[in-house]
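Chemist: Residue numbers (our numbering): 1131 to 1542.
For each residue, glycine too, the CB sits at the ideal point set by N, CA and C.
Remember, predicted model here, so these are calculated numbers, not experimental data.
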Amino acid sequence: MDWEKSLNRSRVNSSTQLSSSSQSMSDTSSSVSSSCCNSSSPFYPASLFSAANFSGLDLLFNMKHLFIPLYSAVVLIAFFGNLVLLLLMWHNKKRHNTTNFLISNLALVDLVMCVFCVPLTASYAFDKRGWVFGPHMCHFVTVMQSAAVYAAVLSLMAIAVDRYIVVAYPIRKRAGCLFCWGLVALIWLSSLALSTPTAMHTVYLDLRAAGLQMAVCEEFWHGQERGRLLYSCFSLFFSYFVPLAAVSISYCAISYRLKQRTTSGLTACPELSSARAAWSKRRRKTFCLLLVSVLCFAFSWLPLQVVNLIRDLDTDFSILGKNYVNVIQVSSHLFAMSSACYNPFIYASLHNRFLSYLCRHFLFWRRGYGKDWCQGSSILKMSKVTRLHTSTIVAELPGAVANNIVPQDNYA
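(1) What does the alpha-carbon distance come out to for the pair L1316 and W1220?
(2) Please give me, in chain order, every unbroken run of the alpha helix (DSSP H) with length at least 4 that falls completely inside the segment 1251-1308.
(3) Let me check one thing: in DSSP terms, what residues is Y1334 bridge-paired to?
(4) Does the pairing of the segment 1283-1297 with the segment 1349-1360 give three or more beta-carbon distances under 8 Å?
(5) Drop a sphere of 10 angstroms on the beta-carbon of S1169, count the other beta-carbons inside from all chains shown, and report buried for 16 or more, exposed for fewer.
(6) If you reduce the DSSP assignment to three classes, tell me which class F1179 lands in.
(7) Specify the secondary structure class of N1227 as computed by DSSP and reduced to three states.
(8) DSSP three-state label for S1385, please.
(9) Return the first residue and the last residue of the alpha helix (DSSP H) that A1203 is part of.
(10) Since G1357 is in the alpha helix (DSSP H), which residue starts that stretch and which ends it?
(11) Are the CB atoms of L1308 and V1377 within a distance shorter than 8 Å?
(12) Note the first and the last residue of the continuous alpha helix (DSSP H) segment covering I1476.
(13) Which of the three DSSP states is assigned to D1442 in this structure?
(14) So, under 8 Å CB-CB, A1329 and V1273 are touching, yes? Tell me the CB distance rounded to an integer number of Å.
(15) Please say whether N1212 and A1237 have beta carbons closer to each other than 8 Å?
(16) Does the beta-carbon distance from V1295 to C1471 come in below 8 Å?
(17) In whole angstroms, what is the alpha-carbon distance linking L1543 and W1261?
(18) Tell me whether V1457 sits in a helix, a strand or coil according to DSSP, three-state version.
(19) For I1449, count neighbouring C-beta atoms within 10 Å of its own C-beta (all shown protein chains included) and say buried if the count is 16 or more, exposed if not.
(20) Measure the CB-CB distance between L1434 and S1404 and report whether it falls below 8 Å.
(21) Thinking F1197 and V1460 are a contact (beta carbons under 8 Å), I'd like their distance in whole angstroms, please.
(22) For I1384, which residues in the same chain have their Cβ closer than 7 Å to its Cβ, ignoring the five residues on either side in sequence?
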């Protein structure tokens, strides 16, 4: 894993006893891979190396009191935020469409990352006993961490494409639940398939026989250095650059569509001026939220990707420095994991009805005055008309216009 590779490259002047007991393992781990889930792989335990001989470990342990609360905050915010988002999405049957299926899947992915990535990574990084969860959890957690990262980026790509379809073809019928379930299943199956190399090269080692009271859970690519480098490049390309490009292109197309869209059907409507103002306001809000989504994804994962790339190219730590590489690695990992905290707020903000539903049930409903306040949060006051479509954009047109829209029979 990345943490193991970092520490193995940083090893200097180990004691004679430690060298003799772990020489074979360190030789093997020198060819360790950057895992496909660069961000969420368990860290190599710092206790395998003498802190007295590696000052970077001293700095890391001195900052433990800072990192542990930050990791805890990420877990709590991401866990409860995504759990509430997931429960409310599924509780509100009227909101079951392709977009919300994908948002729910992303919330599920973030929950998996909160359970398997953040707590176990922090434990593995700072616990002197190394991996304390046993061999079965070693393999299971490593695969789930890798699959969660791929599932997250695939879900982000699918959401971006779906949002474009909603904006570009607002009056088309949306796909049914069967298609949504199939799409979610395809995302997870693809993620597990992309994680196969990680599963094949994950090894659990109990070092008590070597005189060390610890165990490690790592990827080992002994004798397959070229395969490791190829898989590392593949992971960097398909877990960051491809999703970022796809999401950026999709959201640029969405902003273009929103800019070009005209309310031609509103000329005969008495609400013309207010409808145009509301439409313009919604367009700006949608564009800003989509822009925030892209920026959060890009900047959350960028530091870790840069650190991993530098470590692949700079084996002597002339750039990062041996004294700071551990802190830099933990900091970039924490920053990447914080992306799980942003998604519930970003995607919930895309749906005014969801926000109304949330505040009615959790904030004001029992107090007796929340219903009117929450209903007032919508940008447009809608007429009580039957919805023949699932497009949020069309649904928020004035009733006189929405009633004249006839959906097409083909699926978006």
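Modeler: According to the structure data:
(1) Residue mapping note: residue 1316 aligns to position 186 of the sequence shown, counting from 1. Residue mapping note: residue 1220 aligns to position 90 of the sequence shown, counting from 1. The straight-line gap from Cα to Cα measures roughly 20 Å.
(2) 1264-1298
(3) Position 204 of the sequence shown, counted from the first residue, corresponds to residue 1334. In DSSP, Y1334 forms a bridge with C1347.
(4) Cβ pair count under 8 Å is below three, so no.
(5) Locating residue 1169 in the sequence shown gives position 39, counting from the first residue. For S1169, the predicted model reports a pLDDT of 38, less than 50, meaning its position is unreliable; a value from the coordinates is still stated below. So S1169 counts as buried.
(6) Here residue 1179 is taken as the residue at index 49 of the sequence shown, counted from 1. Caution is warranted here: a pLDDT of 41 is assigned to F1179, below 50, making its placement in the model unreliable, and no coordinate value can be reported.
(7) If you number the sequence shown from 1, residue 1227 lands on position 97. Of the three classes helix, strand and coil, the one that applies to N1227 here is coil, per DSSP.
(8) Here residue 1385 refers to the residue found at position 255 when the sequence shown is read from its first residue. S1385 falls in the helix class under three-state DSSP.
(9) Locating residue 1203 in the sequence shown gives position 73, counting from the first residue. Per DSSP, A1203 belongs to the alpha helix (DSSP H) from 1194-1221.
(10) Against the sequence shown, residue 1357 aligns to sequence position 227. Residues 1355-1366.
(11) Stepping through the sequence shown from its first residue, residue 1377 is reached at position 247. Stepping through the sequence shown from its first residue, residue 1308 is reached at position 178. Cβ distance not < 8 Å, so V1377 and L1308 don't count as in contact.
(12) The count along the sequence shown starts at 1 and reaches residue 1476 at position 346. 1469-1478 is the extent of the alpha helix (DSSP H) around I1476.
(13) Your numbering for residue 1442 matches position 312 in the sequence shown. D1442 falls in the helix class under three-state DSSP.
(14) Along the sequence shown, one-based indexing puts residue 1329 at 199. Along the sequence shown, one-based indexing puts residue 1273 at 143. About 5 Å; that satisfies the 8 Å criterion.
(15) Locating residue 1237 in the sequence shown gives position 107, counting from the first residue. Locating residue 1212 in the sequence shown gives position 82, counting from the first residue. Against a cut-off of 8 Å, the Cβ pair of N1212 and A1237 comes out as a contact.
(16) Sequence index remark: in the sequence shown, residue 1295 carries index 165 (1-based). Sequence index remark: in the sequence shown, residue 1471 carries index 341 (1-based). Here the sequence assigns Ile to residue 1295, which means Val is not the residue at that position. No, these two residues do not count as a Cβ contact at 8 Å.
(17) Nothing in the structure corresponds to residue 1543, since the chain is present only between 1131 and 1542.
(18) Within the sequence shown, numbered from 1, the residue matching residue 1457 stands at position 327. DSSP places V1457 in helix when its eight states are reduced to three.
(19) Taking the first residue of the sequence shown as position 1, residue 1449 is located at position 319. Under this definition I1449 is an exposed residue.
(20) Looking up residue 1434 in the sequence shown gives position 304. Looking up residue 1404 in the sequence shown gives position 274. No, the pair does not count as a contact, with Cβ atoms beyond the cut-off.
(21) The residue labelled residue 1197 in the question sits at position 67 within the sequence shown. The residue labelled residue 1460 in the question sits at position 330 within the sequence shown. Indeed, because the Cβ distance is near 6 Å, the residues count as touching under 8 Å.
(22) Position 254 of the sequence shown holds residue 1384. Around I1384: R1293, Y1294, V1297, L1420.
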